[in-house]
Amino acid sequence: MSTSWKYNCSGPSPEWIANSDITGTGVVFSYIITAGIVVVVLALYYFAAYDPSHDPFQGTKRNSAPRAFHPNPVDALILEDSRRIAMTCLGAFGCISINNTSFEEAFIRCIIAFSDMQLLTGYSLLISGFSQLRSGLQTFYWQVVIGLTWFSTITHLSCLTALRNHLYLHSSERTWRLAAMAILCVLLAIGLGFTANYDWVFFGGGDEPNYGDAAICYIRIRSPLGQAFYTMLFSVLLITFSFVVRIVKLYRFLSVDIFTRARSRVKHWTYTSLRIVHDWSDASAQPPSLKCMICYYPLLAAKLSADLLVDGWASVFMEATVAYSWGIYRLIATLQMTWKPTGFLNGSSDWTFGQVIAMLLLAGPLITIVESFQSDTGG
């Protein structure tokens, strides 16, 4: 981005220029399609090769030895019927069995490569965005940069979940990936903090800053605190929670020895408590008593809802789906908040040098997929 604006927050706002390097049609589609390819690969791995009953903290040999690990019930339920149907269809077309080790290894190679791409994309976006702040990068474009980085970060976190067993067997790789991810999450949280007063995202105008103001002039949180602040706070907490969950999932002593056993104790305690309330309220009587409807039924519903929420969030399928959908929503919502030309799907987009390159580089993920599975079939 090149403008004549100098770092002077007391002066006029930067001149509005359609920044095709950030919101150009080719650039935006490149990020969306690349992340979409990652989600598709994760979904194919999930339905074709992922085994929810396999303990990710085992070695290369899969056995049925007793262990504290328990499969995610949401994943097990989703895969039970869908995989049977998929296997039947593939068998009808004469395809090889998809539930084998070599096929899974091809997926893992593919996911590792995509994980690296998403990590580098996140760093590239944030470093480029921070470097342009003193040049008058406007709050609208900063919001888009943060949205794209969020998109990339959450997708990368989903890749880490699919790589649990691989990273358990390669502890040094696990360490540097988590360290790199931690730095990226901190930078993203700082960038999100700059958007705490971007109420124009929700109302299209109003108090300062407006979408055309220089982002560097509004990096501090100011009163009054509006919807933008609470959205920012929720986003920071969500990215922090997502990263902490990945740390727990990638270390056996946290995932199995602490979390799983603690949850087992909590489930035992809630079951015992529900049994006591069940007997006290005479829940088996017909018609149900007033005590049953007021006490037992609400507690039972709360317990089942909590289990579904925890299991659903921990599901590999739900993680990838929610991450991509939320990223699309954040990005499109931001792009639709201004009537001024942005370079995305309007006449101001002239397919500049950067946009054409961004679209051509989409061949990279496709080549990665071909090479991963070609080495599998060729070996």
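Note that UniProt numbering numbers the sequence shown so that position 245 is 245, with each residue one more than the last.
The beta-carbon is built from N, C-alpha and C at its ideal position, and this holds for glycine as well.
Taking the CB atoms as reference points, tell me whether Asp-213 and Ser-10 lie closer together than 7 Å. Along the sequence shown, read from residue 1 onward, the residue named residue 213 stands at position 213. Along the sequence shown, read from residue 1 onward, the residue named residue 10 stands at position 10. For Asp-213 and Ser-10, no; Cβs fall outside 7 Å.
For Gln-138, count the other beta carbons within 10 Å of its own beta carbon; 16 or more makes it buried, fewer makes it exposed. Which is it? On the sequence shown, position 138 is the one that residue 138 refers to. With 16 or more other Cβ atoms within 10 Å, it is buried.
Within 8 Å, do at least three Cβ pairs link the stretch 125-140 to the stretch 174-183? When Cβ pairs closer than 8 Å are counted between the two stretches, the stretch 174-183 is seen not to touch the stretch 125-140, the count staying below three.
DSSP three-state call for Gln-138: helix, strand or coil? Here the question's residue 138 lines up with position 138 in the sequence shown. Residue state, collapsed to three classes: strand.
What separation, rounded to the nearest whole angstrom, lies between the Cα atoms of His-166 and His-156? What you label residue 166 is simply residue 166 of the sequence shown in a count that begins at 1. What you label residue 156 is simply residue 156 of the sequence shown in a count that begins at 1. Those two C-alpha atoms are separated by around 15 Å.
If I'm right that Ser-372 touches Arg-109 with Cβ under 8 Å, what's the distance once you round it to whole angstroms? As a first step, residue 372 must be located in the sequence shown, where it is residue number 372. As a first step, residue 109 must be located in the sequence shown, where it is residue number 109. That pair is a contact at about 4 Å.
First through last residue of the alpha helix (DSSP H) which encompasses Ala-180: By one-based count along the sequence shown, residue 180 stands at place 180. Where Ala-180 is concerned, the enclosing alpha helix (DSSP H) stretches over 171-194.
Per-residue DSSP class, three states only, for Ala-283: Against the sequence shown, residue 283 aligns to sequence position 283. Coil.
Note down the Cα distance separating Thr-272 from Asp-81, rounded to an integer number of angstroms. Numbered from its first residue, the sequence shown carries residue 272 at position 272. Numbered from its first residue, the sequence shown carries residue 81 at position 81. Thr-272 and Asp-81: Cα-Cα distance of roughly 33 Å.
Cα-Cα separation between Arg-252 and Phe-57, rounded to whole angstroms: The residue given as residue 252 occupies position 252 in the sequence shown. The residue given as residue 57 occupies position 57 in the sequence shown. Their backbone Cα atoms lie some 6 Å apart in a straight line.
According to DSSP, is Ala-214 helix, strand or coil? By one-based count along the sequence shown, residue 214 stands at place 214. In this structure, Ala-214 counts as strand in the three-state DSSP scheme.
Distance, Cα to Cα, Trp-16 vs Tyr-141? Your numbering for residue 16 matches position 16 in the sequence shown. Your numbering for residue 141 matches position 141 in the sequence shown. Computed Cα separation, rounded: 11 Å.
Classify Tyr-329 as buried or exposed, calling it buried when 16 or more other Cβ atoms lie within 10 Å of its own Cβ. If you number the sequence shown from 1, residue 329 lands on position 329. The C-beta of Tyr-329 has fewer than 16 other C-beta atoms within 10 Å across all chains shown, which makes the residue exposed.
At least three beta-carbon pairs within less than 8 Å, the stretch 296-310 to the stretch 218-226: Contact annotation: the stretch 296-310 does not touch the stretch 218-226, with fewer than three C-beta pairs closer than 8 Å.
Delimiting residues of the alpha helix (DSSP H) encompassing Ala-198: Here residue 198 is taken as the residue at index 198 of the sequence shown, counted from 1. What sits at residue 198 in the sequence shown is Tyr, not Ala. Under the DSSP assignment, Tyr-198 falls outside any alpha helix (DSSP H); it carries neither an H nor an E label.
Beta carbon of Val-145 nearer than 7 Å to that of Leu-125: Numbered from 1 along the sequence shown, position 145 holds the residue referred to as residue 145. Numbered from 1 along the sequence shown, position 125 holds the residue referred to as residue 125. Their beta carbons are under 7 Å apart, which means Val-145 touches Leu-125 by this criterion.
Asn-8: buried (16+ other C-beta within 10 angstroms of its C-beta) or exposed? The residue you call residue 8 lines up with position 8 of the sequence shown. The residue in question, Asn-8, is exposed, as its Cβ has fewer than 16 Cβ neighbours within 10 Å.
Report buried or exposed for Pro-287, applying the criterion of at least 16 other Cβ atoms within 10 angstroms of its Cβ. Indexing the sequence shown from 1 puts residue 287 at position 287. By the C-beta density criterion, Pro-287 is exposed, having fewer than 16 other C-beta atoms within 10 angstroms.
For Tyr-45, which of Ile-22, Leu-79 and Thr-34 has the nearest alpha-carbon? What you label residue 45 is simply residue 45 of the sequence shown in a count that begins at 1. Cα-wise, what sits closest to Tyr-45 is Leu-79.
Hey, Ala-363 and Ser-30: beta-carbon distance below 7 Å or not? Numbered from its first residue, the sequence shown carries residue 363 at position 363. Numbered from its first residue, the sequence shown carries residue 30 at position 30. Cβ atoms of Ala-363 and Ser-30: not closer than 7 Å.
Cα-Cα separation, Ala-65 to Leu-304: Locating residue 65 in the sequence shown gives position 65, where the first residue counts as 1. Locating residue 304 in the sequence shown gives position 304, where the first residue counts as 1. Confidence at Ala-65 is low in this model, with a pLDDT of 47, below 50, so its placement is unreliable and no value can be given for it.
If you follow the alpha helix (DSSP H) that Asp-21 is part of, which residue opens it and which one closes it? For the purposes of this step, residue 21 is taken as the residue at position 21 of the sequence shown. Here the alpha helix (DSSP H) through Asp-21 covers 20-23.
Out of Gly-226, Tyr-230 and Lys-249, which one is the CA nearest neighbour of Leu-160? Taking the first residue of the sequence shown as 1, we reach residue 160 at position 160. Nearest C-alpha to Leu-160: Lys-249.
In the structure shown, what three-state DSSP assignment does Pro-224 receive? Against the sequence shown, residue 224 aligns to sequence position 224. In the structure shown, Pro-224 sits in coil (DSSP, three-state: anything other than H, G, I, E or B).
Whole-angstrom distance between Tyr-324 and Ile-32, CA atom to CA atom: Translated into positions along the sequence shown, residue 32 becomes position 32. Translated into positions along the sequence shown, residue 324 becomes position 324. If I take the Cα positions, the gap works out to 9 Å.
Please report the straight-line C-alpha distance between Ile-239 and Met-293, rounded to a whole angstrom. Residue 239 sits at position 239 when you count from the first residue of the sequence shown. Residue 293 sits at position 293 when you count from the first residue of the sequence shown. Going by C-alpha positions, Ile-239 is about 38 Å away from Met-293.
Decide if Thr-88 is buried, meaning its Cβ has at least 16 other Cβ atoms within 10 Å, or exposed. Locating residue 88 in the sequence shown gives position 88, where the first residue counts as 1. Result: exposed.
Would you be able to state if there are at least three C-beta pairs under 8 Å between the stretch 230-245 and the stretch 180-194? Between the stretch 180-194 and the stretch 230-245, the count of C-beta pairs closer than 8 Å reaches three or more; the two stretches touch.
Helix, strand or coil for Leu-300? Go by DSSP, reduced to three states. Residue mapping note: residue 300 aligns to position 300 of the sequence shown, counting from 1. It is helical.
Is Tyr-218 near Asn-197, with beta carbons less than 7 Å apart? Here the question's residue 218 lines up with position 218 in the sequence shown. Here the question's residue 197 lines up with position 197 in the sequence shown. Yes, the pair counts as a contact, with Cβ atoms nearer than the cut-off.
So is Tyr-230 buried or exposed if we call it buried at 16+ other beta carbons inside 10 Å? Stepping through the sequence shown from its first residue, residue 230 is reached at position 230. Counting Cβ neighbours within 10 Å, Tyr-230 comes out exposed, since fewer than 16 surround it.
So what's Trp-16 in DSSP terms, helix, strand or just coil? As a working mapping, residue 16 is identified with position 16 in the sequence shown. If DSSP states are grouped into helix, strand and coil, Trp-16 belongs with coil.
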